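Heads up: the structure comes next, in structure tokens.
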């Protein structure tokens, strides 16, 4: 069965000064896919996400989401269309509690961002937030301020916020970085389990950037290898990650 | 037991506020009236501070509200307080709506300086267009009618006090609701993490714009109430030192509660009053020293002081999870 193409980029490129951080990337991601992006530091992985979500404007190329061109739209418009992302360094409201962070995401999702009289904490919204946080294993931390959270918990909350907007395309930027290796599998499993459920009868597409090749091997069905701003390899995880010459070239002795 | 104390305390405060005209000497009642009216403007400054924005130009709305009342009386012969307040609220809503389009694009010092610039434009206008505004002499505001009733010169102080009290409480209630609403949270989100606000799919600009509208209306109402209470308006209302005073009082009160602008405003008026009595020529010096002391020892303002006292009274529940 040919599934729907959720994200397509055509010759996407962006340079900083004389360096092409992303130098012509053309990929397609379909509904139901879990795609891992690997590559050394500076190979353009995060810039790629920034281009897709509109944080940066491309110098060249197109971004197409569900058949609609979204090149040049800002993060707000892109988010509203159903593309959500998490960040390498979690972007949270540090002065607020875990619950409040999620409630805000839910309120915005409901189109209540400009509601100024009715409270944020309605019974219905709190219930929804609790269910969501339960799925991410954060229910014990409901009323803890974000500034008191540990690294792994922040990562999870960051993904949970992205998840609250019921995205059809989810882009995760190193969901397991900065987390102890003991916690690592737990975090990614929690995330992927939560993401496995379809939204509105439609399967999501998930793209995640990851340095830990073991995590990629286990959880990604397809791998993109970024190198110097280009996609060097694209294929099933087992095949790509076993390619010894590719590994040598991209990761040196490591991995 | 604590609830009983709290209820009792609230009841006493309520009774005190209702009985103030009969409990307090005239000058103190007048001072309290002013504090309530200016507290509204400070509240307007405070809601912007949630988003990390400091408006050094709220004298603009303060003056615009006050002159609305004065112009209504001068040019249209309308001295009904309700109409004056309504007109001030509407006009300042429109004014904030226009300036907000521009100001909501800016942050930090740029926002602050631009708001000063706008307020100084109004100041110059009030100063120079003598035939309309009365120039430095300002304009007299006649004793208003309240909901159609004539008020005698003897009762005006009491009536003004109650009008200001009603609007102070309304403003307080509205700001309290705002602080708990999605918009209020997003405004604090703007200060905390703008990137996150946009990536949630909300607009930073629209958030700031919405709160700015509310803030402008509060400023205008505060100005209109002061015009009605004092019976006179002058260009100084728009001068940058007036705006600076509002920011100062907001910081003095602290951003912890929507109640603090009113407490700080009352304290500020009291301190200023006594500073002038004590030493008419160097009152700014005495005032400055008192305020410096408060800010030095209680950087979170009066509300921080209150929280500190509360914290000493009972152990603060830890917000950290048990490990």
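Protein chains in written order, with the numbering used here: chain A, 11 to 265; chain B, 21 to 343.
All C-beta atoms in this analysis are idealised placements derived from N, C-alpha and C, irrespective of residue type, glycine included.
Just so it is clear, the structure is predicted and the values come from calculations on it, not from any experiment.
Check                                                                                                                                                                                : Outcome
Consult DSSP for residue 99 of chain A and reduce its assignment to one of helix, strand or coil.                                                                                    : coil
Does the beta-carbon distance from residue 64 of chain A to residue 84 of chain A come in below 9 Å?                                                                                 : yes
Spatial neighbours of residue 272 of chain B within its chain, please: CB distance less than 8 Å, with the 5 preceding and 5 following residues excluded, ordered by chain position. : 284, 287, 288, 311, 314, 315, 321, 322
If you draw a straight line from the C-alpha of residue 330 of chain B to the C-alpha of residue 82 of chain A, how long is it?                                                      : 52 Å
So the alpha helix (DSSP H) residue 163 of chain A belongs to, where does it begin and stop?                                                                                         : 161 to 174
Whole angstroms are fine: how far does the CA of residue 35 of chain A sit from the CA of residue 191 of chain A?                                                                    : 31 Å
Using the Cα positions of residue 242 of chain B and residue 169 of chain B, report the straight-line distance between them to the nearest angstrom.                                 : 22 Å
Does residue 245 of chain A come out as helix, strand or coil in the three-state DSSP assignment?                                                                                    : strand
So, under 8 Å CB-CB, residue 249 of chain B and residue 53 of chain B are touching, yes? Tell me the CB distance rounded to an integer number of Å.                                  : 5 Å
Which residues in the same chain have their Cβ closer than 8 Å to the Cβ of residue 145 of chain B, if we skip the five residues on either side of it in sequence?                   : 153
Residues in the stretch 188 to 215 of chain B with C-beta within 9 Å of chain A's C-beta atoms, listed in sequence order?                                                            : 194, 197, 198, 200, 201, 202, 203, 204, 205, 206, 208, 209, 211, 212, 213, 215
Can you give the Cα-Cα distance for residue 176 of chain A and residue 41 of chain B, rounded to whole angstroms?                                                                    : 57 Å
Just checking, does the stretch 126 to 145 of chain B make contact with the stretch 55 to 66 of chain B on the three C-beta pairs under 8 Å criterion?                               : no
If you reduce the DSSP assignment to three classes, tell me which class residue 120 of chain A lands in.                                                                             : coil
Is the stretch 222 to 233 of chain A in contact with the stretch 39 to 59 of chain A, if contact means three or more CB pairs nearer than 8 Å?                                       : yes
Rounding to the nearest angstrom, what Cα-Cα distance links residue 192 of chain B and residue 93 of chain B in this structure?                                                      : 28 Å
Nearest to residue 215 of chain B by CA position, among A:124, A:197, A:14, A:103, is which residue?                                                                                 : A:103
Buried or exposed: which applies to residue 21 of chain A, given that a residue is buried once 16 or more other Cβ atoms fall within 10 Å of its Cβ?                                 : exposed
With a cut-off of 9 Å, does the C-beta of residue 339 of chain B fall near any C-beta of chain A?                                                                                    : With a pLDDT of only 46 at residue 339 of chain B, under 50, the local geometry of the prediction cannot be trusted, and the value read off the model is given with reservation. Taking Cβ atoms only, chain A reaches closer than 9 Å to residue 339 of chain B, which makes this a yes.
Throw me the rounded Cβ distance for the residue 280 of chain B and residue 67 of chain B pair, which I believe falls under 8 Å.                                                     : That belief does not hold up - the Cβ atoms of residue 280 of chain B and residue 67 of chain B are roughly 12 Å apart, past 8 Å.
Does DSSP classify residue 44 of chain A as helix, strand or coil?                                                                                                                   : strand
Closer than 7 Å, Cβ to Cβ, to anything on chain A: give me those residues from the stretch 113 to 124 of chain B, in chain order.                                                    : none
Determine whether the Cβ of residue 275 of chain B lies closer than 9 Å to any Cβ atom of chain A.                                                                                   : no
Where are the beta strand (DSSP E) runs, 3 residues long or more, that stay fully inside the stretch 188 to 223 of chain A, in chain order?                                          : 215 to 219
Any contact between the stretch 135 to 154 of chain A and the stretch 179 to 188 of chain A? By contact I mean 3 or more CB pairs, one from each, below 8 Å.                         : no
Give the residues of chain B in contact with residue 125 of chain A, contact being defined as C-beta atoms less than 8 Å apart.                                                      : 201, 202, 203
Is there at least one Cβ from chain A nearer than 9 Å to residue 109 of chain B's Cβ?                                                                                                : no
Does the beta carbon of residue 149 of chain A come closer than 9 Å to any beta carbon on chain B?                                                                                   : no
Is residue 187 of chain B a contact residue of the ligand COA, with contact defined as CB to any heavy atom under 8 Å?                                                               : The ligand COA is not part of this structure, which contains no ligands at all.
Measure the C-alpha to C-alpha separation of residue 259 of chain A and residue 243 of chain A and round it to an integer number of angstroms.                                       : 12 Å
Starting from residue 95 of chain A, find everything on chain B with Cβ-Cβ shorter than 9 Å and list it in chain order.                                                              : 219
So, with DSSP's three-state summary, where would you put residue 145 of chain B?                                                                                                     : helix
Mind listing the chain A neighbours of residue 280 of chain B? Cutoff is C-beta to C-beta under 7 Å, in chain order.                                                                 : Those do not exist, as residue 280 of chain B stays about 18 Å from chain A at its closest Cβ, beyond 7 Å.
At a Cβ threshold of 9 Å, is residue 67 of chain A touching chain B?                                                                                                                 : no
DSSP three-state call for residue 275 of chain B: helix, strand or coil?                                                                                                             : coil
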